[in-house]
Amino acid sequence: MIDNVKTLDDSQVEKTYERFRYIVGQYKGQPHLLNSYLSNILDRIVSVVKTESVPPHIKHRAFQYMQLITNVRGYKIVVQHLPHDSSDLEPVLTMLEAQDQFDTSTWETRYCLLLWLSIIVKIPFHMSKFDGSDGSDPTFTPIMQRYLYYFNGNNFLF
Numbered sequence: 002m003i004d005n006v007k008t009l010d011d012s013q014v015e016k017t018y019e020r021f022r023y024i025v026g027q028y029k030g031q032p033h034l035l036n037s038y039l040s041n042i043l044d045r046i047v048s049v050v051k052t053e054s055v056p057p058h059i060k061h062r063a064f065q066y067m068q069l070i071t072n073v074r075g076y077k078i079v080v081q082h083l084p085h086d087s088s089d090l091e092p093v094l095t096m097l098e099a100q101d102q103f104d105t106s107t108w109e110t111r112y113c114l115l116l117w118l119s120i121i122v123k124i125p126f127h128m129s130k131f132d133g134s135d136g137s138d139p140t141f142t143p144i145m146q147r148y149l150y151y152f153n154g155n156n157f158l159f
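Letter by letter, the sequence shown follows residues 2 to 159 in the numbering used here.
In structure tokens form, the structure reads like this:
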């Protein structure tokens, strides 16, 4: 189902989503039974999300699936299965910045991106790798300024 998220036409989107929701909902009583499938499911979702050629509305569909998994299994477990490498910081933050903070229909995307960001920022890495301190691009906004925008109360999310 997740592999087909890129190719579904509009008439199949809701039907497929509801089917996935029903299947995942069956695990609410014993969510630990999802553990053996969790990495595979999340890897497929992340591959859709990380593909730059995929339109934003398709990425949002993928994040809706991730939110369902998170709802059943719990964010603490799901976050452990998300890719957490320092190279993921820039793409995740860029996707988060691209979100319309007043669009309530895409809350799942922002929720999942913030979860993903929460595990990435715990990785020890040198911020100079991302801060553009060489001064070569005057329009470049340092990563810390971009990051702090979401955590200083300047954003609708909080």
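Where is the CB? At the ideal position from N, CA and C, for every residue including glycine.
Predicted, not measured: the structure shown is a model, and the values here were computed from it.
- Under the DSSP assignment, F64 falls in the alpha helix (DSSP H) whose first and last residues are 57–74.
- Counting only runs of at least 4 residues, the segment 25–55 fully encloses the following alpha helix (DSSP H) elements, listed from N- to C-terminal order: 36–51.
- With respect to Y28, L39 sits apart: the two C-beta atoms are not nearer than 7 Å.
- Note on geometry: alpha-carbon atoms of H82 and D44 lie some 8 Å from one another.
- Taken atom to atom, the span from the alpha-carbon of P56 to that of T107 is near 14 Å.
- Exposed is the label assigned to R20, since fewer than 16 other Cβ atoms lie within 10 Å of its Cβ.
- Excluding the 5 residues flanking it on each side, A99 has same chain C-beta neighbours closer than 8 Å at P57, in chain order.
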